[in-house]
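A short worksheet on the structure shown next.
Residue numbers (my numbering): 2 to 380.
Right, dumping it as structure tokens:
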């Protein structure tokens, strides 16, 4: 937000104008004209002592342009009428991140040639808009046909701001506006949504303040169908070097074996996962699974496990069956493993292995099998 103090002075009221606006104050910001405010005849009041003095807060004083050789450029006049000092503001949030070229100018309502006017301004400053900080509550996986119950909270350092919210569900639909409650710059948002198909969806909550500042948070919404099928795999892929990851300092073959399925009437999948990079002395084994989503040629499941028999690690495995329609004819595999440094706060997780490092969790796997196979078996 741009704020400044201003005062508008005039020698006399212009009686020739057909409307009450004596002047319009505008800003030219990066070539875009923004009208700030209008000055009416009623805003101009007598003030000052009639002598040439400095403009004082709360009064007009009197200002003398003096004489000049070219009367077309300078008007000799006392300016006994004035608005007094006032404060104006303009929202420049649309120019966030840009270098602003700012010009202030006054468009007068057809003043007579002998009417002197003067626009004074001071204390120009930019007040940084504090953006909303958004967080999402943990979201449980749901069975197809059950609504996802999404909830989040936000805080804003500008305690007088008001807010709106929007859910983007990741399936092409939105809830806008979302159901929001707030007080004193903080609030909560909660809505439900039912997905039509099983999958892992990128759900986003965006909160916007009245200065057009936004904050957002994203998480995965998992929708599973226990009757969709099971997935198994056995083989190896090439393990690349990623110098920033603890267990990817050397390349080599990485062997895997996995199986995941829902038992009849079950809501948590069962199965085992093992993954090893012999040259890195790295062996991951699962201790449990959390959810499984089978959709077409693609299967994805997540769970917990240990590395070399110790620790508390999470994993996300994504498999593509090339023989199923849409699989592209080639089996592909990805596994992402992270250290659950603080199980109560996923933001503290540290990725230690990912053979498709940098790709979103919802991306299809790209690493082809060197040998072996992946099979998605429909029920």
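In this text, a Cβ means the ideal position worked out from N, Cα and C, and glycines have one as well.
Provide the residue(s) that pair with residue 220 in DSSP beta bridges, ordered along the chain. If you number the chain shown from 1, residue 220 lands on position 219. Bridge partners of residue 220: 204.
Is the Cβ-Cβ distance between residue 3 and residue 92 less than 9 Å? The count along the chain shown starts at 1 and reaches residue 3 at position 2. The count along the chain shown starts at 1 and reaches residue 92 at position 91. For residue 3 and residue 92, yes; Cβs fall inside 9 Å.
Please state whether DSSP places residue 346 in a helix, a strand or coil. Against the chain shown, residue 346 aligns to sequence position 345. If DSSP states are grouped into helix, strand and coil, residue 346 belongs with coil.
Looking only at its chain, what residues have a beta carbon closer than 6 Å to the beta carbon of residue 9, apart from the 5 residues adjacent to it on each side? The residue labelled residue 9 in the question sits at position 8 within the chain shown. Correct list, in chain order: 40, 84 and 120.
Just curious, the beta strand (DSSP E) that residue 339 is in, first and last residue? The residue given as residue 339 occupies position 338 in the chain shown. That run of the beta strand (DSSP E) goes 333-340.
Bridge partners - residue 292, DSSP secondary structure assignment: Locating residue 292 in the chain shown gives position 291, counting from the first residue. The partner list for residue 292 (beta bridge, DSSP) reads 303.
Under the rule that 16 or more other beta-carbon atoms within 10 Å means buried, what is residue 195, buried or exposed? Translated into positions along the chain shown, residue 195 becomes position 194. Exposed.
Taking the DSSP output, what are the residues bridged to residue 140? For this step, residue 140 is matched to residue 139 along the chain shown. Residue 140 pairs with nothing; no bridge assigned.
Report yes or no: do three or more beta-carbon pairs, one from the segment 164-179 and one from the segment 193-207, lie closer than 8 Å? yes
Distance, Cα to Cα, residue 255 vs residue 360? In the chain shown, counting from the first residue as 1, residue 255 sits at position 254. In the chain shown, counting from the first residue as 1, residue 360 sits at position 359. Their backbone Cα atoms lie some 19 Å apart in a straight line.
Between residue 308 and residue 273, how many whole angstroms is the CB-CB distance? I'm expecting something under 8 Å. Taking the chain shown and counting its residues from 1, one reaches residue 308 at position 307. Taking the chain shown and counting its residues from 1, one reaches residue 273 at position 272. No, residue 308 and residue 273 are not in contact; Cβ-Cβ is about 15 Å, not under 8 Å.
On a Cα-Cα basis, can you pick out the residue from 207, 230 and 37 that is closest to residue 87? As a position in the chain shown, residue 87 is number 86, starting the count at 1. Among 207, 230 and 37, the Cα nearest to that of residue 87 is on 37.
DSSP three-state call for residue 375: helix, strand or coil? To locate residue 375, count along the chain shown from 1; it is residue 374. It is a strand residue.
Run through the DSSP bridge pairs and tell me what residue 438 is partnered with. The chain is shown only over 2 to 380; residue 438 falls outside these bounds and no answer can be derived.
Looking at chain D, is there any beta carbon in it that lies within less than 9 Å of the beta carbon of residue 85? In the displayed structure, chain D is absent; only one protein chain is listed.
Please name the residue, chosen from 250, 245, 275 and 290, that lies closest to residue 263 on a Cα-to-Cα basis. Taking the chain shown and counting its residues from 1, the one referred to as residue 263 is at position 262. Nearest option by C-alpha distance: 290.
Can you name the start and end residues of the beta strand (DSSP E) that residue 11 belongs to? Counting from 1 along the chain shown, the entry for residue 11 is found at position 10. Element bounds for residue 11: 3-11.
9 Å Cβ cutoff met for residue 313 and residue 355: Looking up residue 313 in the chain shown gives position 312. Looking up residue 355 in the chain shown gives position 354. Result no, Cβ atoms of residue 313 and residue 355 do not sit closer than 9 Å.
Checking 9 Å against the spacing of the C-beta atoms, do residue 156 and residue 133 come in under that value? Stepping through the chain shown from its first residue, residue 156 is reached at position 155. Stepping through the chain shown from its first residue, residue 133 is reached at position 132. Yes, the pair counts as a contact, with Cβ atoms nearer than the cut-off.
Name the two residues that bound the continuous beta strand (DSSP E) containing residue 273. In the chain shown, counting from the first residue as 1, residue 273 sits at position 272. Note, residue 273: beta strand (DSSP E), 271-278.
For residue 106 and residue 129, I'd like the C-alpha separation in whole angstroms. Locating residue 106 in the chain shown gives position 105, where the first residue counts as 1. Locating residue 129 in the chain shown gives position 128, where the first residue counts as 1. The alpha-carbon atoms of residue 106 and residue 129 are separated by roughly 24 Å.
State the start and end residues of the unbroken beta strand (DSSP E) segment that holds residue 1. Residue 1 falls outside the range modelled here, since the chain spans only 2 to 380, and no answer is possible.
Using the Cβ count rule (16 or more neighbours within 10 Å means buried), how would you classify residue 317? What you label residue 317 is simply residue 316 of the chain shown in a count that begins at 1. Under this definition residue 317 is a buried residue.
Nearest by alpha-carbon distance to residue 362: which of 306, 301, 378 and 350 is it? By 1-based counting over the chain shown, the position of residue 362 is 361. It is 301 whose Cα lies nearest to the Cα of residue 362.
Give the range of the beta strand (DSSP E) segment to which residue 90 is assigned. In the chain shown, the residue the question calls residue 90 occupies position 89. Counting along the chain, the beta strand (DSSP E) containing residue 90 begins and ends at 87-91.
Please confirm whether any heavy atom of the ligand ADP lies closer than 8 Å to the CB of residue 8. Ligands are entirely absent from the displayed structure, and the ligand ADP is therefore not among its contents.
Alpha carbon to alpha carbon, how far is residue 148 from residue 259? Give it in angstroms, no decimals. Numbered from its first residue, the chain shown carries residue 259 at position 258. Numbered from its first residue, the chain shown carries residue 148 at position 147. Distance between the alpha carbons of residue 259 and residue 148 is about 30 Å.
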